[in-house]
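For reference, each letter of the sequence shown is one residue, going 12 to 463 in the working numbering. Virtual Cβ for every residue (Gly too), placed ideally from N, Cα, C. Computed from a prediction, not measured in an experiment: that's the story for all the values here.
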Amino acid sequence: MFGHSEMILVIVVLLALVFAGVHIAIALGVTAAIGIYLMLGDIEIVRTFIANTAYEALRDYVFAVIPLFMLMGDFLAKCGAATDLYTLAHRMSRWLPGRLAVATIIANAIFAFVTGVSIAAAAAFSRIAYPEMRRYGYSRQFALGCIAGSACLGMLIPPSVLMIVWGVLTELSIGKLFLAGVLPGALLAFGFCAYVVTAAILNPALVGGSANRPVQTAPLGAATTEPMPHEHDEPPIGPLLFSTALVLALIAGVLGSIWLGFCTPTEGAGVGAVGALILALIKGITWREIWQVVLNVGRTSGPLLLLLFCAQLYSRVLSMTGFTETAKTFLLDTGLGPTGILVVMLLIWFVLGCLIDSISIILLTVPIFAPIAATLGIDPLAFAIIGILAIETGLLTPPFGILVFTVKAAVPEPNVPLAEIFRGAMPYWFILFAVIASIVVFPQIATFLPKL
């Protein structure tokens, strides 16, 4: 018999393993095995259950969508498409105050449509945008915060890896999840742009003053020893437009074919990966770089697939033991109402975001929270976007803040204090929170496009 004491034991063991630094996949797998054994008392049944779950999970056709979308994003990042996007956004936004920061946000938003991973965007634009912003006299804290904050767009704008993981766990349509993220992603990007423009108007010193000309700054390290081109030496706009048009055509083709029902997300990701490879070859990627991309994607997606298998095992155990039903009954009996319970979930996500990574938070909480949200009558697509946004806030909050650590590791300037990046990213955290509140009040922001 599996009672409340056993339920508590399973959760305590899981949390203890996670906070002790054990890999989340191992923690989920060990906890699931303990739960099955406590429930059935036969180690042979535990072995059979794990083997069957592994076979059913890893042969699922939808799992291929993760490495394929990663391939698509990495090919475009490796061939210089991110640099072209940033340069074009910079050229087209010269009339705006804080134009380099705006260009960084716009380029991040477009780049998010092909990467699905915020870390890739943070690393790329730390090397592309930061030296240019410093050359124009931007405040270091303002520039670093802009790069870290705008990189969050990669986890919300499709094809987001977080959306794919959420869809696999909850059996929601991945295509509809992708659609649900478009308007919130656009709203978030607009909010980021509004902040940097307002900050530039109120305090021109943040963006190098009103002269809007390159200034002499401290050396940024070996990566920037070559002088950046002056405006009259900028590359012609034709190749930039052509490169960006190819990227936008690839995005439209892949996501449009998924949304219109011409292909499944996995098929669309496969077409996107091939299209990105062709575009990268056009732009001169070498075979050695192609091999590096394939290896990097394998190293990243392999552990992620193991995570998803262990998460499914953990989710099944929660259902079998009745923990999900118990948690649901407990929250409903508190009398907080749908909004109050949603606030409790958000607070849990905010706290976990300070401690562990985004995918781990989804794997730990969504199997419990999603059924509760459904019982409360919250639209599953709106709940997914609210959850992803709440979990994204953890990318910018200390002490974990993986985007902040990524920016620190990637910027060419040595000895940048972590605290400075965290301070620069705080306004973007508040904008994320404002978008969450907007979707809680107006869930149509997330559900409008999927319901068309």
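- Under DSSP, Tyr149 forms a beta bridge with Val218.
- The C-beta of Thr417 has 16 or more other C-beta atoms within 10 Å across all chains shown, which makes the residue buried.
- By the criterion of a C-beta distance shorter than 7 Å, Ala436 is surrounded in its chain by Gly156, Ala159, Gly160, Leu407 and Val415, once the five residues flanking it on both sides are discounted.
- Distance from the CA atom of Ala36 to the CA atom of Ala322, rounded to whole angstroms, is 7 Å.
- Contact check for Ala131 against Ala88 passes: the beta carbons are separated by less than 7 Å.
- Per DSSP, reduced to three states, the secondary structure at Gly364 is helical.
- Nearest C-alpha to Ala112 among Val128, Arg146 and Thr126: Arg146.
- In this structure the stretch 161-170 does not touch the stretch 294-305; the number of beta carbon pairs closer than 8 Å is below three.
- Here the stretch 53-65 does not lie against the stretch 19-35, with fewer than 3 beta-carbon pairs under 8 Å apart.
- Here the stretch 325-341 makes contact with the stretch 365-381; the two share three or more CB pairs at distances below 8 Å.
- In the three-state reduction of the DSSP assignment, His101 falls in the helix class, which pools H, G and I.
- Ranking Val207, Leu79 and Ala140 by CA distance to the CA of Tyr439 puts Val207 first.
- Counting only the Cα atoms, Ala205 lies some 24 Å from Thr255.
- By a beta-carbon distance limit of 8 Å, Val285 does not contact Ala92. Their separation comes to about 16 Å.
- Note that the C-beta distance between Val76 and Ile168 is not below 7 Å.
- Taking the CA atoms as reference points, Ala27 sits about 10 Å from Leu20.
- Using a Cβ distance threshold of 7 Å, Ile372 and Leu342 do not count as a contacting pair.
- Shown here for Gly202: same chain residues with a beta carbon closer than 8 Å to its own, the five before and five after excluded, namely Ile442, Ala445 and Val446 in chain order.
- In the structure shown, Thr181 falls within a helical segment according to DSSP collapsed to helix, strand and coil.
- A distance below 7 Å between beta-carbons, with the five flanking residues on each side excluded, links Val41 to the following residues of its chain, in chain order: Leu28.
- Ile117 has its alpha-carbon roughly 35 Å from the corresponding atom of Ile352.
- The C-alpha of Thr337 is placed about 40 Å away from the C-alpha of Ala120.
- The shortest CA-to-CA distance from Leu319 to any of Ser330, Thr350 and Leu374 is the one to Leu374.
- Here the alpha carbons of Phe253 and Thr332 stand approximately 56 Å from one another.
- Ala123 sits in a helix when the DSSP states are folded into three classes.
- Contact annotation: Ser129 and Met166 have beta-carbon atoms nearer than 7 Å.
- Between Leu79 and Ala280, the gap from beta carbon to beta carbon is short of 7 Å.
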